[in-house]
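A.B. asks: Numbering (the UniProt record's numbering), first residue to last: 1 to 191.
Where a beta carbon is used, it is the ideal one built from N, C-alpha and C, also for glycine.
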Amino acid sequence: MCNYLARAWSPEGGCHICSEETRDLSKTPDSELPIVQLTIFITQPIPFLEVFFERIAKLNYPKDRMHLTTHCLVEKQQKFVDDFTTTHGSSYRSVNLIDAKIFNSERTAFVEAASSCLKEETCDYLFYVDGTVQFTDPDVLRHLMAANRSVIAPMMTRRGKFWSSFWGDVSEDGGYIRSNDYFSIVERTKM
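1. Quickly, what does DSSP pair residue 129 with across the bridge? List them, please.
2. Could you pull out every residue in the same chain whose Cβ sits closer than 6 Å to the Cβ of residue 68, ignoring the five residues on either side in sequence?
3. What residues match up with residue 95 in a beta bridge as DSSP calls it?
4. Please work out which residues of its chain come closer than 6 Å, Cβ to Cβ, to residue 23, disregarding the five sequence neighbours upstream and downstream, and give them in chain order.
5. I need the DSSP call for residue 15, collapsed to helix, strand or coil.
6. According to DSSP, simplified to helix, strand and coil, what is residue 169?
7. Pull up the distance between the alpha-carbon of residue 192 and that of residue 110, whole angstroms please.
8. Just to check my reading of the structure: residue 134 and residue 51 have Cβ atoms closer than 8 Å, yes? What is that Cβ distance to the nearest angstrom?
9. Excluding the five sequence neighbours on either side, which residues of its own chain have a C-beta within less than 8 Å of the C-beta of residue 85, listed in chain order?
10. Go to residue 178, then tell me how far its beta strand (DSSP E) extends in each direction, as first and last residue.
11. Which residue's Cα is closest to the Cα of residue 62: 49, 120, 88?
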């Protein structure tokens, strides 16, 4: 995605800024790793939610360095959230349920989650995960932190499909449209 930032990417050299000011967490003791608020939102019915939570449980990051925040707008799937917090909640630094009866829209719940991280003295990063996302790399959080940026988001794609978490361009009326290099980026032949 760095090709959308001025002078950040070229066909000859690839990403010119990706390795600038990165952070090596491999030598950092677990007790000194940044504290993260892992925020999980379930905003629509999601198949394979139990697989999603199994993968969240396998994230390679010390749970005692993570605050867990959950929000579920789908009543029939609250059981999966409850099962996860019952089984794994005691491993986390803290557990916070954002009540869907009080925060009944994704927007208001997100503001609440972000605010709780900002208010918390021990919250270095907010890691927002939507239930529709399946992380297959347990080191994803460490990879994102190693980039050492204020804001970062993984490029999410669906294997074998031209679908992604970005469009790459903006139309004249301000809507998102596919860029001319969209397919190359989704196929990861261009970054």
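C.D. replies: This is what the structure gives:
1. Paired residues: 40.
2. For residue 68, where only same-chain residues beyond five positions count, the Cβ hits under 6 Å are 38, 92, 95.
3. Paired residue(s): 68.
4. Cβ neighbours of residue 23 beyond the five flanking positions: 146, 148.
5. DSSP places residue 15 in strand when its eight states are reduced to three.
6. Residue state for residue 169 is assigned as strand, using DSSP reduced to three classes.
7. No information on residue 192 is available, as it lies outside the stretch 1 to 191 that the chain covers here.
8. With a Cβ gap of about 7 Å, residue 134 and residue 51 count as contacting.
9. Result list for residue 85: 68, 70, 95, 97, in chain order.
10. Element bounds for residue 178: 176 to 178.
11. The shortest Cα separation from residue 62 among 49, 120, 88 belongs to 88.
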